[in-house]
Amino acid sequence: MSIDRLSALPDSLLIRILSFLDMKESGMTCVLSKRWQFLWTGLPRLKFYEGSSQTDKIRKMVAWVHRTLVICSGHNLEMIKIDFVYDKCFASDVNVWVDFTLKNKVKDVASLLNSRKDLYPLPQMMYSNSSLTRLSVEGCIISPKRTVEWGSLTTLYLDKVVLNEHVVEKILSGCPVLYYLEFNACTGLSSLKIDCQSLHELKIGYWKDENCETSLEISAPYIHTLQISLHPRGRRLRLTNVSSLVRANIDCEVDFDPGSVKLISCTKEPFNDLQHVKELEVGYGCLEVLSMLVVKGWRLPYSRRRRLTVHASNDEHSIPGILCLLEYSPYLETMVILLYGFREYYEDCVDISPAASYLKKVDLQRDLLHLKTVNITSSQDSDLPSELLLTLLQLVLKRARVLEKMVIDTGKFATSSSANVASNYIRIARMLLSYPRSSPKAVVLFH
Numbered sequence: 001m002s003i004d005r006l007s008a009l010p011d012s013l014l015i016r017i018l019s020f021l022d023m024k025e026s027g028m029t030c031v032l033s034k035r036w037q038f039l040w041t042g043l044p045r046l047k048f049y050e051g052s053s054q055t056d057k058i059r060k061m062v063a064w065v066h067r068t069l070v071i072c073s074g075h076n077l078e079m080i081k082i083d084f085v086y087d088k089c090f091a092s093d094v095n096v097w098v099d100f101t102l103k104n105k106v107k108d109v110a111s112l113l114n115s116r117k118d119l120y121p122l123p124q125m126m127y128s129n130s131s132l133t134r135l136s137v138e139g140c141i142i143s144p145k146r147t148v149e150w151g152s153l154t155t156l157y158l159d160k161v162v163l164n165e166h167v168v169e170k171i172l173s174g175c176p177v178l179y180y181l182e183f184n185a186c187t188g189l190s191s192l193k194i195d196c197q198s199l200h201e202l203k204i205g206y207w208k209d210e211n212c213e214t215s216l217e218i219s220a221p222y223i224h225t226l227q228i229s230l231h232p233r234g235r236r237l238r239l240t241n242v243s244s245l246v247r248a249n250i251d252c253e254v255d256f257d258p259g260s261v262k263l264i265s266c267t268k269e270p271f272n273d274l275q276h277v278k279e280l281e282v283g284y285g286c287l288e289v290l291s292m293l294v295v296k297g298w299r300l301p302y303s304r305r306r307r308l309t310v311h312a313s314n315d316e317h318s319i320p321g322i323l324c325l326l327e328y329s330p331y332l333e334t335m336v337i338l339l340y341g342f343r344e345y346y347e348d349c350v351d352i353s354p355a356a357s358y359l360k361k362v363d364l365q366r367d368l369l370h371l372k373t374v375n376i377t378s379s380q381d382s383d384l385p386s387e388l389l390l391t392l393l394q395l396v397l398k399r400a401r402v403l404e405k406m407v408i409d410t411g412k413f414a415t416s417s418s419a420n421v422a423s424n425y426i427r428i429a430r431m432l433l434s435y436p437r438s439s440p441k442a443v444v445l446f447h
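Structure (structure tokens):
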């Protein structure tokens, strides 16, 4: 019997195709024919996931992991990712998997143990691993008794991990080429001092602690990129030394109450600490909180930023914040606005009437002397540019003395089959083209 055209492909290509399937699906191909029986065992990346908290389902996944690792032992494995709801009864199983990654010199290890009560103590043998280049740890206790030796590690992700100053110090001293470091929902530490000169990017999700009223002081004089996410239930972040920082991204979790007094207070501090950053990106939630602050009379410190990216809603919740960022960015050269759809639940928890009133009388107090490029991009769930956004763009055209181009990404609107959408799109385009421009070089482009 002649072999089918798919099976006739070389092993390397078939393994590449199998890599796009999840582990169970790729394993099932072993029943197709003898040609396929062991192909899936050559996968360089093994990913196991079980989202259920039911013990019987977890036990099946654990057994599946054990069987797979026995079959794949000795192969050139690049990555192993195991993600499931952990319980201490599975500690011995995880120990076996950790030992497997060490013996097989796996470079990329992700141990994501989503535990509601038990934390897994990372084995001491794991702290000496010269093969690791990327490590992701969730729901673990990190407590090395001796030195950490991760000489090849470039990326480290810590989620729901208990830390202290000595542990962080050991980790950083044992990672001479660490490039990216991320903390999320971690506990412990009164301060975070990072003197690792190789570290380029630091990301901090909300930092949990029993004493949420104290600030977590962060000193990282050598990092170039910083991402922080504030949270009503998290600690304040105080940036004491980020002198080499070039790019920063600030966002807030506002699903609880964007008007939270604590969240508003926490949002002020990063803007004060990041005045020197050349590139700033403001997330959707942070812009909402900033708009509330602006309407209430708060003003940003002047900054030296050259590039500004904002994730915005197409309504009163974002425009005041954008105007304020423009006002206090006298050296700004590029602005990018990423538009999203309006989140309906805000109608119940935020009073937008002050913002609407504010926008009726607002204007920029000074010209934008360096702004050359403005880009507006719409997501799939956003509407056509609102009247308020058009007012903002009109102000930019009026105040940007050296503007070269304003680019409107029309996306779905330009190709919509709806006559109403098409007519509104044409109307908005005509309005934008009719606005006076202070820059003789300014052009408005639609694509």
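One point on numbering: in UniProt numbering, the residue at position 152 of the sequence shown is 152, and numbering is uninterrupted. The C-beta atom is built at its ideal place from N, Cα and C for all residues, glycine as well.
Test item: CB-CB of residue i and residue j under 8 Å
i           : j      : result
PRO301      : PHE271 : yes
VAL162      : LEU119 : yes
LEU389      : ASN314 : yes
LEU226      : THR267 : no
PHE65       : PHE48  : This sequence places Val at residue 65; Phe is not what is there. A contact, by the Cβ cut-off of 8 Å.
THR133      : LYS107 : yes
LEU43       : SER26  : yes
LEU369      : VAL407 : no
LEU122      : LEU153 : no
SER136      : LEU113 : no
VAL282      : LEU323 : no
ARG306      : GLU327 : no
SER130      : VAL85  : no
ILE223      : LEU245 : yes
THR377      : LEU338 : yes
LYS372      : GLU333 : yes
LEU364      : LEU395 : yes
residue 510 : GLU138 : Because the chain is modelled from 1 through 447, residue 510 falls outside the range shown and cannot be assessed.
Identity of the residues DSSP links to residue i by a beta bridge
i           : result
residue 462 : The chain is shown only over 1 to 447; residue 462 falls outside these bounds and no answer can be derived.
SER434      : In DSSP, SER434 forms no bridge with anything.
PRO121      : ILE141
CYS335      : The amino acid at residue 335 is misidentified as Cys; the sequence shows Met. Per DSSP, LEU308 and VAL374.
THR225      : GLU201 and ARG247
GLU316      : In DSSP, GLU316 forms no bridge with anything.
ASN241      : SER219
Beta-carbon contacts of residue i that lie in its chain and below 8 Å, excluding the five residues immediately before and after
i      : result
SER434 : none
ARG238 : SER215, LEU216, GLU217, ILE218, GLU269 and ASP273
ILE141 : LEU119, TYR120, PRO121, LEU122, VAL161 and VAL162
THR55  : ASP87
Counted within 10 angstroms of its Cβ, other Cβ atoms place residue i as buried (16 or more) or exposed
i           : result
TYR127      : buried
ILE109      : Note that residue 109 is Val in the sequence shown here, rather than Ile. Counting Cβ neighbours within 10 Å, VAL109 comes out buried, since at least 16 surround it.
HIS311      : buried
ALA400      : buried
ALA63       : exposed
LEU290      : buried
THR101      : buried
ASN164      : exposed
MET335      : buried
ASP195      : exposed
GLY51       : exposed
ILE228      : buried
residue 451 : Because the chain in this structure spans residues 1 to 447, residue 451 falls outside the shown range and cannot be described.
ASN76       : exposed
ILE426      : exposed
GLU387      : exposed
GLY297      : exposed
ILE72       : Looking at the sequence provided, one finds Cys at residue 72 rather than Ile. Result: buried.
Residues of its chain near residue i, where Cβ-Cβ distance is below 6 Å and the 5 sequence neighbours each way are ignored
i      : result
LYS441 : GLU404
VAL98  : PRO123 and MET126
ASP4   : none
VAL167 : ILE142
ASN375 : VAL336 and VAL407
LYS105 : SER131
MET79  : ARG45 and ASP108
PHE183 : LEU158 and ILE204
ARG304 : HIS276 and TYR331
ILE171 : VAL148
THR309 : GLU281 and VAL336
TYR180 : THR155 and GLU201
Other residues of its chain near residue i: CB distance less than 7 Å, five sequence neighbours each side excluded
i      : result
PRO176 : GLY151 and SER198
GLU344 : Summary for GLU344: the model assigns pLDDT 48, below 50, so the residue's position carries little reliability; its value from the coordinates is reported in the next sentence. So no residue of the chain qualifies.
THR240 : GLU217, ILE218 and SER219
ILE250 : ILE228, PRO270, VAL282, GLY283 and CYS286
GLY174 : THR147, VAL148, GLU149 and TRP150
CB contact below 8 Å: residue i versus chain D
i      : result
LYS193 : Here there is only one protein chain, and chain D is not present.
Distance cut-off 7 Å: residue i Cβ against heavy atoms of the ligand ZN
i      : result
LEU393 : No copy of the ligand ZN appears in this structure; indeed no ligand is present at all.
*asked:* Report the start-end ranges of each alpha helix (DSSP H) in the segment 36 to 100 that is 4 residues or longer and not cut off at the edges.
replied: Listed in chain order, the complete alpha helix (DSSP H) runs (minimum 4 residues) inside the segment 36 to 100 are 55 to 72.
*3-residue-minimum beta strand (DSSP E) runs that sit fully inside the segment 152 to 204, ordered along the chain*: 155 to 159, 180 to 184, 191 to 193 and 201 to 204, all fully within the segment 152 to 204.
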